[in-house]
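K.L.:
At position 261 of the sequence shown (counting the first as 1) the number is 262 in this note's numbering, and the numbers step up by one without a gap. I am attaching a structure below and will ask some questions about it afterwards.
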Amino acid sequence: MEKDLTISKVKKGLKSKEFSSVELMKHYISRIENYSELNAYITLDKEKALDSAKQADERISKGEDLPLLGVPIAVKDLFCTKGIRTTACSKILSEFVPEYESTVTQNLLNNGAVFIGKTNMDEFAMGSANITSYFGPCFLPYRKKSKPDMALVPGGSSGGSATAVASDLCVAATGSDTGGSIRQPAAFSGLVGIKPTYGLCSRWGMVAFASSLDQAGPLAKTVEDAAIMLKSMAGYDPKDSTSENVEIPDYTLSIGQSVKGMKIGIAREYLEGLNEENLSLLENAKKWLIEAGCEFVDVSLKTVSHALPAYYIIAPAEASSNLARYDGVRYAKRAENYKDIEELYINSRSEGFGEEVKRRILTGTYVLSAGYYDAYYTRALKIQKMIKEDYQNNAFSKVDLILCPTTPSTAFGIEESENMTPIEMYLNDVYTVSANIAGLPAISIPAGISKDGLPMGIQLMGPRFSESNIFKVSYAIEKAANFAELKKTILTIQK
């Protein structure tokens, strides 16, 4: 079976009967078992996956044609899947089997996708390295040239999905992005990852972290695959009060369109403290887009430096509220030893939540408390409004899209992450959080290889509902970067 199969290649192979969906599913299950040490999947229902693939083959034989019919997809363990364990990689939900399907996964099923299994992630999506999972860390399949024996993180919180796609353990995968949790793993793993406009994909059936920031999106091998996935995931949902009732275009129509005359901005604030490799990557992307006909405009985003502090007040505040429901009474894992209701709450939550989740709950509870609400939370909301206005009324009045790095560094080691302080770990989101704060669409495209032989991603941000333009320009970068060839130089643990 060919490696690095894309959605379009799978569709072509299924149509020509080069292989069946069942054969494809068996191929991926075999690879998942062979590379189990990567810990990309935490729930694998082989019988159900093969049965779904068999049904897809029957539909294909009858002449049915859907965007994802027969395509094996991995699902981040944040999305509720009917009859399949959904844990958000937390001990407190380790036995939860939903009786319903999330809207995003139902949309994918309606478009013919077949699910392989549920992927690893940081507990409740809180993390930037996929090391806070109750089921253990997930590992990147790549290695640094200078330290080939050092295991690397895949980024977080969608690290399992990123590793699954990068390791060819599925064709594409779902992720969620609260502060960069799709784009950062995409950059580390040499993938395309898009966080769409807030409200484009329903949050119904997603385990909540920070409700005003969470947004579902895909991780894929190519810009075209990401466009196909997003089209299939998005759509209005009356069950979600934040869902936007807008028409979802066919994003694949943007692939290959001319970008001539489009105005791209580089905010000078993003250049401050930029390392040499990221600066070089940014210059390369700028050169490619100028050659494709884009015009570059300098812009200033004076509020963007406040995005990270505001995020780490708003997100924990919402998390402390959302996670209050996990008390061992209504649902979630209950402590076995307690003498009264108060001790039941304390023991269930103490035993069920990991250290990072506890840290964010405590931070959120603090900033929402009576004495500090106005000093922290209210002020953070005011800053959020300023950031939104800065993008909309300032930057996007002059340019169509903004170009900037995705991450401050390439993938780091598991051992290195253990020595990082929480603040050092949070700084991984410095270039990504503003898109979540402002509710904007943003994508990471693999565009280069570091001196140490690791993938590097470049990011594009646009106004609300500008996904078509983002895909158009992303494809121009993808074509010029030719990452498929660069990828051949990366050290990998895979056979």
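Positions of the beta carbon are idealized from the N, C-alpha and C atoms, including for glycine. Please read all numbers here as calculations on a predicted model, not as lab measurements.
1) Specify whether the region 269-289 and the region 139-157 touch according to this definition: at least 3 beta carbon pairs, one from each stretch, less than 8 Å apart.
2) Could you tell me which residues DSSP pairs with GLY266 in its beta bridges?
3) Quick one: what's got a C-beta closer than 7 Å to SER53's C-beta in the same chain, skipping five residues either side?
4) Taking SER158 as the reference, give the member of ARG144, LYS146, LYS148 and PHE189 with the closest Cα.
5) What does the Cβ neighbour count give for LYS383, buried or exposed, with the cut at 16 atoms within 10 Å?
6) Is the Cβ-Cβ distance between ALA57 and SER22 less than 7 Å?
7) Classify THR493: buried if its beta carbon has 16 or more other beta carbons within 10 angstroms, exposed otherwise.
8) On the CB-based measure, 16 or more other CB atoms within 10 Å of its CB, does ARG350 come out buried or exposed?
9) So what's PHE80 in DSSP terms, helix, strand or just coil?
10) Are the region 354-364 and the region 311-328 touching by the rule of at least three beta carbon pairs closer than 8 Å?
11) I need the straight-line Cα distance from GLU38 to ASN420, nearest angstrom please.
12) Taking only the alpha-carbon atoms, compute the straight-line gap between GLY440 and SER451 and give it to the nearest angstrom.
13) What are the start and end residues of the alpha helix (DSSP H) that includes LYS303?
14) Buried or exposed, going by whether 16 or more other CB atoms sit within 10 Å of the CB of THR422?
15) To the nearest angstrom, report how far apart ALA152 and ALA130 are at their CA atoms.
16) So what's VAL166 in DSSP terms, helix, strand or just coil?
17) For the 8 Å Cβ check, are there 3 or more pairs between the region 402-411 and the region 322-336?
18) According to DSSP, GLN393 sits in a beta bridge with which residue or residues?
19) Would you call GLY257 buried or exposed, if buried means 16 or more other Cβ atoms sit within 10 Å of its Cβ?
20) Which residue marks the beginning of the alpha helix (DSSP H) containing TYR427, and which one marks its end?
21) Pairing CB atoms from the region 468-475 with CB atoms from the region 202-215, are three or more of them under 8 Å?
22) State yes or no: is the C-beta of LEU231 within less than 7 Å of the C-beta of PRO219?
23) Taking the alpha carbon of MET122 as the point to measure from, which residue in ARG144, ALA443, VAL368 and ALA41 has its own alpha carbon closest?
24) Looking at the C-beta of PHE466, does it have a partner C-beta in chain D at a distance below 7 Å?
25) Looking at the secondary structure, which residues open and close the beta strand (DSSP E) in which LEU220 lies?
26) Return helix, strand or coil for MET127, following the three-state DSSP convention.
27) For a test of the three-state rule: what should DSSP assign to TYR42, helix, strand or coil?
P.N.:
The structure says:
1) These segments do not touch.
2) DSSP lists VAL298 and ILE403 as partners of GLY266.
3) Only VAL115 and PHE116 meet the Cβ criterion.
4) Cα-wise, what sits closest to SER158 is PHE189.
5) Counting the other Cβ atoms within 10 Å of the Cβ of LYS383 gives fewer than 16, which makes it exposed.
6) In contact: ALA57 and SER22 (Cβ atoms closer than 7 Å).
7) By the neighbour-count rule (16 or more Cβ atoms within 10 Å), THR493 is not buried but exposed.
8) Buried, since its Cβ has 16 or more Cβ neighbours within 10 Å.
9) Collapsing the DSSP output to three states places PHE80 in a strand.
10) The region 354-364 and the region 311-328 touch, with no fewer than 3 CB-CB distances between them shorter than 8 Å.
11) Inter-residue distance for GLU38 and ASN420 is about 23 Å (C-alpha atoms, whole angstroms).
12) Linking GLY440 to SER451 through their CA atoms gives a straight-line distance of about 30 Å.
13) Taken as a continuous stretch (DSSP letters only), LYS303 belongs to no alpha helix (DSSP H), as it is neither H nor E.
14) THR422 is classed as exposed because its beta carbon has fewer than 16 other beta carbons within 10 Å across all chains shown.
15) For ALA152 and ALA130, the gap between their C-alpha atoms comes out near 12 Å.
16) If DSSP states are grouped into helix, strand and coil, VAL166 belongs with the helices.
17) Contact between the region 402-411 and the region 322-336 is absent, because fewer than three Cβ pairs lie under 8 Å.
18) In DSSP, GLN393 forms no bridge with anything.
19) Classification of GLY257: exposed, given that the 10 Å Cβ count is below 16.
20) Segment 423-427, the alpha helix (DSSP H) holding TYR427.
21) No contact exists between the region 468-475 and the region 202-215.
22) Result yes, Cβ atoms of LEU231 and PRO219 sit closer than 7 Å.
23) Here the closest residue by C-alpha is ALA41.
24) Given the protein chain composition of this structure (a single chain), no chain D is represented.
25) Start and end: 216-221.
26) Looking at MET127 - three-state DSSP - the assignment turns out to be coil, as it is neither helix nor strand.
27) Note: TYR42 maps to strand in three-state DSSP.
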